[in-house]
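Peer 1: Listed in order, the protein sequences are those of chains V and D.
Quick note: the first sequence uses UniProt numbering, first residue 1, plus one each step.
Quick note: the second sequence uses UniProt numbering, first residue 1, plus one each step.
Mind looking over this structure? Questions follow.
There are 2 protein chains.
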Amino acid sequence: MSKSLLFIPGPVTVAEPVLTATAQPMIDHRGPEFKALLERVARRMKPIFGTERAEVLLLGSSGTGGLEAAVANMFGAGDRILACPIGVFGERLIAIARTFGCDVDVLETAWGSGVDPQALRAKLESAAGERRYAGILLTHNETSTGSQNDLASLAAAIRGCGAYVVVDSVSGLAASDFRMDEWGFDIVVTASQKALAVPPGLAMVAVAPRAWERMDSNRAPRYYFDLKKARDFAALGQTPWTPPVSIVYGLDAALDEFERTGPRRVWERHARYARAIRACAEALGLEIFSAEGAHSVTVVAIRVPAGIDADAIRKRLRDDRGVVIGGGQGKLKGQIIRIGTMGDLSQTDVLGALGALEIALLDAGVSLHIGSGVQAALRVFLETEAPAAV
Amino acid sequence: MSKSLLFIPGPVTVAEPVLTATAQPMIDHRGPEFKALLERVARRMKPIFGTERAEVLLLGSSGTGGLEAAVANMFGAGDRILACPIGVFGERLIAIARTFGCDVDVLETAWGSGVDPQALRAKLESAAGERRYAGILLTHNETSTGSQNDLASLAAAIRGCGAYVVVDSVSGLAASDFRMDEWGFDIVVTASQKALAVPPGLAMVAVAPRAWERMDSNRAPRYYFDLKKARDFAALGQTPWTPPVSIVYGLDAALDEFERTGPRRVWERHARYARAIRACAEALGLEIFSAEGAHSVTVVAIRVPAGIDADAIRKRLRDDRGVVIGGGQGKLKGQIIRIGTMGDLSQTDVLGALGALEIALLDAGVSLHIGSGVQAALRVFLETEAPAAV
């Protein structure tokens, strides 16, 4: 397998100490060593979720499994749910809710933008009495469009409406400040293979105190993803089912590094990389797909010029340069490329990948002033670099 | 973490090359390398399931997730299901089926025994017309009791009844001959962390052709575990959701070793270890929990003498000797110890652990002739060892 640089929005490049940690010998998942490991990891995830009150549970699944857990434990047949999709993963939340019989109403937002807090507020106010929403489904960061919501504003718009709020932060958490308690969210879901830069296989679900009562009255079927069972076992330092021990080891090692670096510098790194990639694209005359004020810090979506096949560019980048980037999903297939900022990537990696991108664009017939993209990215790094370089 | 020997029935000790394989760098789960990996692993699992016709799908979950996938895709509200539990994991299958609204009828079997084929046949014949069973739930190997079913006989008893047969072989597959096609099973479930000796995180589900049609008419809700979606993505060399790439790497490496050794020698090794452990227990005057003819090859359950606390023995073995064995689950808690044969364990490991067990039993007040257990195990190894020692 030739060396390649992963710039897809997950799975991301995993740092060597984390990979090494995943290869530790197996232990009894019902023994004292795993208990200590599980409790340590759950405790250290809490500040990343921005919570003291919520319980953090680990599920052996991808992020999608975590989303199913959130929805199927909280909502069921006939529950009126307001979904606020801003891309493919928001639509996935809708599909999950409909699978479990929910009556889903959709607040539409143009792809590339974040949800408008006023539109959300108006939608909630229009749904009174019988029509009141039992739940609201939000996406923090949407990798399919390179956009993210301003969750603080949405939290303010939601406040007081009484609905339970489920937030998909699979590709957002740990890459920017997140305040679950302050924002009043009930369940927040993330996964190992995104900003935490651990191999995939683990979903982490934070559950606020008032969510537990709701689950008692919800009859939607769930077994593997039963969060109350997960909580009962977590109280013993266990999981109900055999957990992916290797990935938990990896998460523990990744949290070491996260804490050593400090959250603020981790957030800054993601924001800086995203800014550099956007600056590069703009200098090359390309259009950023996400709207101003809604740019994701974990992935940048860039429109390729009309007549150019985005997927052909991706293939050339992968085959000739070992640089792996994302393409468009759903209705954006072939129209955009997506460059992630998560994982064990240095500024050097980013600059190299952007240079490779320039060559691939030129080869594909895009007219550009070669080097201008990398130059713009370099300027961002020089202007924003912290005194002690990351 | 001090060195310890894992004799629990999963997760098991993983061989060094497999651990190393799990620590390989991440790749794009939608790229050509993962496609080749996924297709290679699925193809190599087929002979282990004893199938040419079935499709083998990989799910990012524990074995329990695979069981939920099997049940929720095949059966739903009001379906009459015959469950044939022989221990805790058979009861888990019942709980899953009831969660999804199935009308579950239970064929009771004394714990420690396998299902009686004639009793099964009679039960099926008594359920005619409207009362006909839509499905049958079987356990291949039951780690909670150290027993296993004679699946060939059960398959013969079932033949022609028309019901769809779901088999939990989480702790059985790869440790003995399995013939899915010949036995006419519709879905067989296994997991990575058992006889294949890979870290946990992956369920492997084999689905026979006629099962797919059944799924079209089944309305039970499933999203993460939707097997048709898994099949659609498998056709592209992908999984619907981000897979636990590290564990798939590990499975690939474990299959290298499995094929190098050859299935027959792998089966013989499990059977020989189980026989040696049983011989040891019997020489020490202890009772094997499983009935004659129903002994598991992957785990031996041993009753501790009345008045002796099995869990105290386990704790001493773990703390003083680094030997980790299982205890009783459910109604057997405190009454039995369970010693697994799966994983990267040598005969030396087995002999060492049995010696340590003798000391722990003596310390706990069990009257025994020290060394007689290990002696009996040694005899089994000497009598049954293949010319080229494993």
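The beta-carbon is built from N, C-alpha and C at its ideal position, and this holds for glycine as well.
Would the stretch 344 to 364 of chain V count as touching the stretch 7 to 19 of chain V if we require 3 or more Cβ pairs under 8 angstroms?
Peer 2: yes
Peer 1: Would you call the stretch 142 to 152 of chain D in contact with the stretch 107 to 122 of chain D, where contact means no fewer than 3 C-beta pairs closer than 8 angstroms?
Peer 2: yes
Peer 1: Have a look at residue 233 of chain D and residue 240 of chain D and give me their C-alpha separation to the nearest angstrom.
Peer 2: Start at 1 with the first residue of the second sequence, and residue 233 of chain D comes out as number 233. Start at 1 with the first residue of the second sequence, and residue 240 of chain D comes out as number 240. Between residue 233 of chain D and residue 240 of chain D, the C-alpha separation is close to 6 angstroms.
Peer 1: Please check if any C-beta of chain D sits within less than 8 angstroms of the C-beta of residue 96 of chain V.
Peer 2: If you number the first sequence from 1, residue 96 of chain V lands on position 96. Closer than 8 angstroms to some Cβ of chain D, the Cβ of residue 96 of chain V qualifies, so yes.
Peer 1: Whether or not the stretch 188 to 205 of chain V and the stretch 156 to 174 of chain V are in contact is what I'm after, with contact meaning three or more pairs of Cβ atoms, one per stretch, closer than 8 angstroms; do they touch?
Peer 2: yes
Peer 1: How far does the alpha helix (DSSP H) with residue 150 of chain D in it extend, from its first residue to its last?
Peer 2: Locating residue 150 of chain D in the second sequence gives position 150, where the first residue counts as 1. Run containing residue 150 of chain D: none; DSSP gives neither H nor E here.
Peer 1: Below 7 angstroms on C-beta distance, what does residue 193 of chain D contact in chain V?
Peer 2: Residue numbering aside, residue 193 of chain D sits at position 193 when the second sequence is read from its first letter. By Cβ distance, chain V contributes 242.
Peer 1: DSSP on residue 141 of chain D, reduced to helix/strand/coil?
Peer 2: Here residue 141 of chain D refers to the residue found at position 141 when the second sequence is read from its first residue. Residue state, collapsed to three classes: strand.
Peer 1: Which runs of the alpha helix (DSSP H) spanning at least 4 residues fall entirely within the stretch 270 to 324 of chain V, listed in chain order?
Peer 2: 310 to 321
Peer 1: May I ask you to report which of helix, strand or coil DSSP gives residue 59 of chain V?
Peer 2: As a first step, residue 59 of chain V is located in the first sequence; it is residue number 59 there, counting from the start. Correct three-state label for residue 59 of chain V: strand.
Peer 1: At a CB-CB cut-off below 9 angstroms, which residues of chain D make contact with residue 19 of chain V?
Peer 2: In the first sequence, residue 19 of chain V corresponds to position 19, counting from 1. Neighbours of residue 19 of chain V on chain D, chain order: 22, 23, 24, 25, 26 and 246.
Peer 1: Can you tell me whether residue 3 of chain V is buried or exposed, with buried defined as 16 or more other CB within 10 angstroms of its CB?
Peer 2: On the first sequence, residue 3 of chain V is found 3 positions in, with the first residue counted as 1. It is exposed - the Cβ of residue 3 of chain V has fewer than 16 other Cβ atoms within 10 Å.
Peer 1: Name the chain V residues that come within less than 8 angstroms of residue 29 of chain D, Cβ to Cβ?
Peer 2: Here residue 29 of chain D refers to the residue found at position 29 of the second sequence. Those within 8 angstroms of residue 29 of chain D in chain V are 11 and 200.
Peer 1: So which residues of chain V does residue 324 of chain D contact, with C-beta pairs closer than 7 angstroms?
Peer 2: The residue given as residue 324 of chain D occupies position 324 in the second sequence. Residues of chain V passing the Cβ test: 28 and 31.
Peer 1: Considering only DSSP beta bridges, list what residue 7 of chain D is partnered with.
Peer 2: Locating residue 7 of chain D in the second sequence gives position 7, counting from the first residue. According to DSSP, which records beta bridges pairwise, residue 7 of chain D is partnered with D:325.
Peer 1: Which residue marks the beginning of the alpha helix (DSSP H) containing residue 359 of chain D, and which one marks its end?
Peer 2: Residue numbering aside, residue 359 of chain D sits at position 359 when the second sequence is read from its first letter. Residues 347 to 363.
Peer 1: Please state whether DSSP places residue 166 of chain V in a helix, a strand or coil.
Peer 2: Locating residue 166 of chain V in the first sequence gives position 166, counting from the first residue. In this structure, residue 166 of chain V counts as strand in the three-state DSSP scheme.
Peer 1: Between the alpha carbons of residue 357 of chain V and residue 136 of chain D, how many angstroms are there, rounded?
Peer 2: Taking the first residue of the first sequence as position 1, residue 357 of chain V is located at position 357. Taking the first residue of the second sequence as position 1, residue 136 of chain D is located at position 136. Their backbone Cα atoms lie some 56 angstroms apart in a straight line.
Peer 1: Does any residue of chain V bring its CB to less than 8 angstroms from the CB of residue 48 of chain D?
Peer 2: In the second sequence, the residue the question calls residue 48 of chain D occupies position 48. Not an interface residue.
Peer 1: Need the endpoints of the beta strand (DSSP E) that residue 132 of chain D sits in, please.
Peer 2: To locate residue 132 of chain D, count along the second sequence from 1; it is residue 132. Per DSSP, residue 132 of chain D belongs to no beta strand (DSSP E) and is neither H nor E.
Peer 1: When you compare the CB positions of residue 270 of chain D and residue 175 of chain D, do they come within less than 8 angstroms of one another, or not?
Peer 2: Numbered from 1 along the second sequence, position 270 holds the residue referred to as residue 270 of chain D. Numbered from 1 along the second sequence, position 175 holds the residue referred to as residue 175 of chain D. Cβ atoms of residue 270 of chain D and residue 175 of chain D: closer than 8 angstroms.
Peer 1: Say whether chain D places a C-beta atom closer than 8 angstroms to the C-beta of residue 99 of chain V.
Peer 2: Residue 99 of chain V sits at position 99 when you count from the first residue of the first sequence. Yes, residue 99 of chain V counts as interfacial toward chain D.
Peer 1: Is any beta-carbon of chain V found at less than 8 angstroms from that of residue 221 of chain D?
Peer 2: Residue 221 of chain D sits at position 221 when you count from the first residue of the second sequence. It does; some Cβ of chain V falls within 8 angstroms.
Peer 1: Anyone know if the C-beta pair for residue 138 of chain V and residue 124 of chain V falls short of 8 angstroms?
Peer 2: On the first sequence, residue 138 of chain V is found 138 positions in, with the first residue counted as 1. On the first sequence, residue 124 of chain V is found 124 positions in, with the first residue counted as 1. Contact: no.
Peer 1: Going by the DSSP bridge assignment, what does residue 344 of chain D pair with across the sheet?
Peer 2: Residue mapping note: residue 344 of chain D aligns to position 344 of the second sequence, counting from 1. DSSP, once it has assigned bridges, lists no residue as partnering residue 344 of chain D.
Peer 1: Count the other C-beta atoms from every protein chain shown that fall within 10 angstroms of the C-beta of residue 277 of chain D, then say buried if there are 16 or more, exposed otherwise.
Peer 2: The count along the second sequence starts at 1 and reaches residue 277 of chain D at position 277. Looking at its Cβ environment, which holds 16 or more other Cβ atoms inside 10 Å, residue 277 of chain D is buried.
Peer 1: For residue 12 of chain D, list the residues DSSP reports as bridge partners.
Peer 2: The sequence position of residue 12 of chain D within the second sequence is 12, counting from 1. For residue 12 of chain D, which the question treats as bridged, DSSP gives no partner whatsoever.
Peer 1: Quick check on residue 8 of chain D - is its C-beta less than 8 angstroms from some C-beta in chain V?
Peer 2: As a position in the second sequence, residue 8 of chain D is number 8, starting the count at 1. Chain V contact via Cβ: present.
Peer 1: Less than 8 angstroms between the beta carbons of residue 245 of chain V and residue 55 of chain V, yes or no?
Peer 2: The sequence position of residue 245 of chain V within the first sequence is 245, counting from 1. The sequence position of residue 55 of chain V within the first sequence is 55, counting from 1. The answer is no: Cβ separation not under 8 angstroms.
Peer 1: Taking the beta strand (DSSP E) that residue 206 of chain D belongs to, which residues open and close that run?
Peer 2: To locate residue 206 of chain D, count along the second sequence from 1; it is residue 206. That run of the beta strand (DSSP E) goes 203 to 207.
Peer 1: Any idea what DSSP makes of residue 51 of chain V, helix, strand or coil?
Peer 2: The residue you call residue 51 of chain V lines up with position 51 of the first sequence. In the structure shown, residue 51 of chain V sits in coil (DSSP, three-state: anything other than H, G, I, E or B).
Peer 1: If you run the structure through DSSP and keep just helix, strand and coil, what is residue 1 of chain D?
Peer 2: Mapped onto the second sequence, residue 1 of chain D falls at position 1. Residue confidence is low: residue 1 of chain D scores 40 on pLDDT, short of 50, so the model does not pin down where it sits. No coordinate-derived value is stated.
Peer 1: For residue 48 of chain V and residue 210 of chain D, I'd like the C-alpha separation in whole angstroms.
Peer 2: Along the first sequence, one-based indexing puts residue 48 of chain V at 48. Along the second sequence, one-based indexing puts residue 210 of chain D at 210. Those two C-alpha atoms are separated by around 47 angstroms.
Peer 1: How would you write the range of the beta strand (DSSP E) that residue 219 of chain V sits in, first residue to last?
Peer 2: By 1-based counting over the first sequence, the position of residue 219 of chain V is 219. Neither: residue 219 of chain V is in no beta strand (DSSP E) and is coded neither H nor E.
Peer 1: Quick test of your reading: residue 131 of chain D and residue 80 of chain D, contact by CB under 8 angstroms. State the CB separation rounded to the nearest angstrom.
Peer 2: Counting from one through the second sequence, the residue named residue 131 of chain D turns up at place 131. Counting from one through the second sequence, the residue named residue 80 of chain D turns up at place 80. At roughly 7 angstroms, the Cβ-Cβ gap stays under 8 angstroms, so residue 131 of chain D and residue 80 of chain D are in contact.
Peer 1: For chain D, find out if any of its Cβ atoms is closer than 8 angstroms to the Cβ of residue 142 of chain V; answer yes or no.
Peer 2: Here residue 142 of chain V refers to the residue found at position 142 of the first sequence. At a cut-off of 8 angstroms between beta-carbon atoms, residue 142 of chain V makes no contact with chain D.
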